[in-house]
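In the working numbering, the protein residues as written are 35 to 543. C-beta: ideal position from N, C-alpha, C; glycine also. Note that the coordinates shown come from a computational prediction; the quantities given were computed from them, not determined experimentally.
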């Protein structure tokens, strides 16, 4: 176990150090105070250790539980049981999702946080049920994606106030984070494992994709029911704290207590569900139970440290850097800086590592985790460039989302089915805690300076939405990657057949 943690620690250092170095350079250049500087350094350390613990704990517990539940429930062949378990799991793990709680905290003045969390959780529960039934009934993923995204955009344009659009599409991105993804991904593998056809493995992906649509539609419906119009952001929220250097270290203690409580409450339903599942099925041996229990504890510790580091250390720095960059060169430095941060920030997302390893495993090594990481980094780089451009110009979010999703859905007809599922899963996975805890505060800080007196309204329409862009771009990039991969393998196959034919002709002659 010690060696496993050291390996995870090395991976986390490799992931976090580049983005930390970039932020430190920006902090020095912008003259950030010592207090915030110390907050960030301590936060980075907690982030690395927490990310290592989470990855190790997820491997030991969440992935194992999810796979076994998916396999056992599906082997029962009872559609009602599959639907019920999927719905319950979807709600439980979504309420436990830290990314969602971060977003709910930012919009607390406009929407009651628990109303938003429950709305999103129900949306995930419903759509995870649909996603599971899709695998069992062998329905093509692209058909469902096209249908549900059309419904989402029609609801937005016809019934929902524009000030609610960004929150709705951001909700789809933050839902599938470090808590939800391990469960959902493993659940899909477990369900697909009973399929004997060659497309079963391809269909194991796509659960995260459909689960990301559910929150968008459910939050849009919430906007219709509540009749929300012209919602505004409290500009005073998210302001950077201040104090002396010594106080910076103590600032993390309340955070540790707060997130220990939140993560404990969030993980409790999952632990209870595991206990009930074990009592009913008896599928795990004593040694496995001990390992899973230890994994849950390690996951708890890792997530507490990760969230404390991200929110107490990274978020204030994000706000300060956003404000500082907005005052330099008319704010246009935000675009290249945002792109650089986007390229590296995705490597620090815990859920990304889970997805990359699952993809490499399910593709039998044909799709390397390193290639997936590169594709996601390029995607998020472009996404944050667009997000910062929108902060500067106030471009309507739909001018980017509509053509973007249209392109992604058209590509589903040309990309291999495996890559389509991976692409739409990647969108939800890439937009995780690091984007919510650092990039969103940076966008809010910049927008507050650029919009001036109109900041309260502009932040809701222009700063929010960056998470949805991060969720969108991988859909396009990875499907293009899939098309190129398909052409390359087809070319190799044709070459092999040509050589084989020549050998046969030679032997015959």
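query	result
Count the other C-beta atoms from every protein chain shown that fall within 10 angstroms of the C-beta of residue 281, then say buried if there are 16 or more, exposed otherwise.	exposed
Please work out which residues of its chain come closer than 7 Å, Cβ to Cβ, to residue 289, disregarding the five sequence neighbours upstream and downstream, and give them in chain order.	342, 345, 346
Less than 8 Å between the beta carbons of residue 159 and residue 125, yes or no?	yes
Write down every uninterrupted run of the alpha helix (DSSP H) in the segment 347-375 whose length is 4 residues or greater and which is fully enclosed by it, in chain order.	349-360
Should residue 414 be counted as a contact of the ligand SAM given a C-beta to heavy atom distance under 7 Å?	Ligands in the displayed structure: none, and consequently the ligand SAM is not present.
Please report the Cβ distance between residue 162 and residue 218, rounded to the nearest whole angstrom; I am assuming they are in contact, meaning their Cβ atoms lie under 8 Å.	7 Å
Name the residue from 154, 141, 119 whose alpha carbon lies nearest to the alpha carbon of residue 130.	154
For the alpha helix (DSSP H) containing residue 450, list its first residue and its last residue.	Looking at the DSSP string, residue 450 is not in any alpha helix (DSSP H), and its letter there is neither H nor E.
Taking only the alpha-carbon atoms, compute the straight-line gap between residue 301 and residue 431 and give it to the nearest angstrom.	35 Å
Can you tell which of 135, 313, 348, 179 has the C-alpha that lies nearest to the C-alpha of residue 440?	179
Return the CA-CA distance between residue 436 and residue 187, expressed in angstroms with no decimal places.	8 Å
From residue 257 to residue 489, what distance separates their C-alpha atoms?	22 Å
For my contact list, residue 386 and residue 410 are in at a C-beta cut-off of 8 Å; report their separation, rounded to the angstrom.	6 Å
How would you label residue 508, buried or exposed, when you count the other beta carbons within 10 angstroms and need 16 or more for buried?	buried
Tell me, please, whether the segment 445-454 touches the segment 410-419 by the rule of three or more beta-carbon pairs shorter than 8 Å.	no
If contact is defined by three or more beta carbon pairs under 8 Å, each pair taking one atom from either stretch, is the segment 71-90 in contact with the segment 316-327?	no
Sort 81, 97, 41 by Cα distance to residue 395 and report the nearest one.	97
If you draw a straight line from the C-alpha of residue 40 to the C-alpha of residue 90, how long is it?	10 Å
Could you pull out every residue in the same chain whose Cβ sits closer than 6 Å to the Cβ of residue 78, ignoring the five residues on either side in sequence?	54
Residue 193: which of 255, 427, 371 sits nearest, CA to CA?	255
Would you call the segment 238-248 in contact with the segment 164-174, where contact means no fewer than 3 C-beta pairs closer than 8 Å?	yes
Can you tell which of 335, 378, 473, 478 has its C-alpha closest to the C-alpha of residue 47?	378
Please state the DSSP three-state secondary structure of residue 345.	helix
Between 104, 360, 513, 478, which has its C-alpha nearest residue 497's C-alpha?	478
Decide if residue 370 is buried, meaning its Cβ has at least 16 other Cβ atoms within 10 Å, or exposed.	exposed
Hey, is the segment 346-365 in contact with the segment 137-151, meaning 3+ C-beta pairs nearer than 8 Å?	no
Do residue 389 and residue 215 have their C-beta atoms closer together than 8 Å?	yes
Sort 43, 197, 506 by Cα distance to residue 416 and report the nearest one.	506
In three-state terms, what does DSSP make of residue 112?	coil
With a threshold of 8 Å between beta-carbons, can residue 410 be considered close to chain D, or not?	The structure shown contains no chain D, having only a single protein chain.
With respect to the alpha helix (DSSP H) encompassing residue 78, which residues constitute its N-terminal and C-terminal limits?	68-91
Helix, strand or coil for residue 242 per DSSP?	helix
At the level of alpha carbons, what is the spacing between residue 458 and residue 100?	20 Å
Quick check: what's the CA-CA separation for residue 203 versus residue 197?	12 Å
Could you tell me the boundaries of the alpha helix (DSSP H) in which residue 380 lies?	Premise fails: residue 380 is in no alpha helix (DSSP H) and is neither H nor E.
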